[in-house]
Ligand SMILES: [Cu+2]
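Numbering (the numbering used here), first residue to last: -2 to 140.
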């Protein structure tokens, strides 16, 4: 798609057609501010919609009984967890250091998403379903 087409789409969608006369469309250099952030977001975040408020989005898979996809380190800020439970049992992710806050939870075969604010430090993420924690516990360093 051409740059002009992108500008036109952006204007039509966000500002309305009235704001997009021939003047603005032809002065390409005067309005790069409007479209640049949108393009950067699209490139940097895999899930455009969900990522709008999150600094980082991670995808975690849970099974019977394991976690996959919880990173060793995360940047401080707003973290979105997209949770997919491919097991048969219920699983969740609870953060011990945040008063055992449950961020996501799902029955077997389901999914969930949750957002959590993390300051720098060490966090223990685990599944709070009785008996699961020994196999489902990960330490994450937030920096
Ligand atoms: Cu579990």
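Glycine included, C-beta positions come from ideal geometry on N, C-alpha and C.
Comparing C-alpha distances from residue 51 to each of 113, 119, 68 shows the shortest one belongs to 113. Within the DSSP secondary-structure output, residue 59 pairs in a beta bridge with 64, 82. Within 10 angstroms of the beta-carbon of residue 98 lie fewer than 16 other beta-carbons, which makes it exposed. Short of 8 Å from the beta carbon of residue 130, and not among the five residues preceding or following it, lie these beta carbons of its own chain, in chain order: 123, 124. A straight-line Cα-Cα distance of about 6 Å links residue 136 and residue 120.
Assigned with DSSP and collapsed to three states, residue 140 falls in coil, not helix or strand. A check of alpha carbon separations from residue 63 across 90, 138, 110, 96 identifies 90 as the nearest. A distance filter of 7 Å between CB atoms and the heavy atoms of ligand 1 selects the following residues in sequence order: 59, 62, 86, 87, 88, 89, 124, 126, 129, 133.
Ranked by Cα distance from residue 81, the first of 117, 139, 116, 55 is 55.
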